[in-house]
Amino acid sequence: MTETPLPFVMTTDPDWDRTAADTAEVSLLPEGRNPEQADITGPCPRCGHATAWTALLLPDPGSLADGHGLLHAILKEAEGPVKTRDVDVTCDCLEYHPGVIGHGGCGASWTVEVSWASAPTA
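Following the working numbering, the residues of the sequence shown are numbered contiguously, the last one being 454.
(1) Kindly indicate which residue of T383, V432, L388 has the alpha-carbon position closest to the one of T416.
(2) Let's see if you can read the secondary structure: which residues bound the alpha helix (DSSP H) around T373?
(3) Closest to T351 by CA distance: which of T422, P375, S447, D420 is it?
(4) May I have the straight-line CA-CA distance separating M333 from H435, to the nearest angstrom?
(5) Classify L338: buried if its beta carbon has 16 or more other beta carbons within 10 angstroms, exposed otherwise.
(6) Does the Cβ-Cβ distance between T443 and D424 come in under 8 Å?
(7) If you draw a straight line from the C-alpha of A382 to the C-alpha of A449, how long is it?
(8) By the DSSP assignment, the alpha helix (DSSP H) with R365 in it spans what residues?
(9) Cβ of V421 within 8 Å of Cβ of I372?
(10) Can you grab the Cα-Cα spacing for the pair G364 / E357, in whole Å?
(11) For T351, which three-state DSSP category applies?
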C-alpha cells in the first residue's frame, strides 16, 4: 500500500526547530573563520524527505541601523570568539506534495542555528 503524500501547506512548528537541530548537517563555505554561506542538508522535519537549503551569512540587518554602513556592520559582527546566526529553512524536497506552489517542497519551514569560530580581532 502506497502512503498518501502530505499536502503542500505553508506552516511551521517549534518542534521542527528542535528536530532539525539533531538531524541537519551544516557546511560553511568557504571553510574557516569568515564563511559567506551555510549549506544545510537533511530530512525535512515535516515530510521526512531529503532537502537542501543555502543561506548567505550576511551581517544582521539590524546592525546596519546605526548608519555606519555595511563594512562597519561586518567588523562589528566579527567581535567575539563564536558567531551564531539563525537560518530560516524551507522544505525544498523533490517529492510530490499535492497543491505545491512553485517547484517543490511540502511548505514546512523551521530555523537552524549556525555557529562558527570568528576571526580574531587585532
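In this text, a Cβ means the ideal position worked out from N, Cα and C, and glycines have one as well.
No experiment lies behind these values; they were computed from the predicted model shown.
For this structure:
(1) The candidate whose alpha carbon is nearest that of T416 is L388.
(2) Segment 369-375 is the beta strand (DSSP E) holding T373; no alpha helix (DSSP H) there.
(3) Nearest C-alpha to T351: P375.
(4) Note that M333 scores 48 on pLDDT, short of 50, meaning its location in the model is unreliable; the coordinates nonetheless yield the value given after this. Roughly 27 Å separates the two Cα atoms.
(5) The residue in question, L338, is buried, as its Cβ has 16 or more Cβ neighbours within 10 Å.
(6) In this structure, D424 does not lie closer than 8 Å to T443 by Cβ.
(7) It is roughly 28 Å from the alpha-carbon of A382 to the alpha-carbon of A449.
(8) Note, R365: premise wrong, no alpha helix (DSSP H); not H, not E.
(9) Contact flag set, yes.
(10) Roughly 17 Å separates the two Cα atoms.
(11) In the three-state scheme derived from DSSP, where H, G and I count as helix and E and B as strand, T351 is classed as helix.
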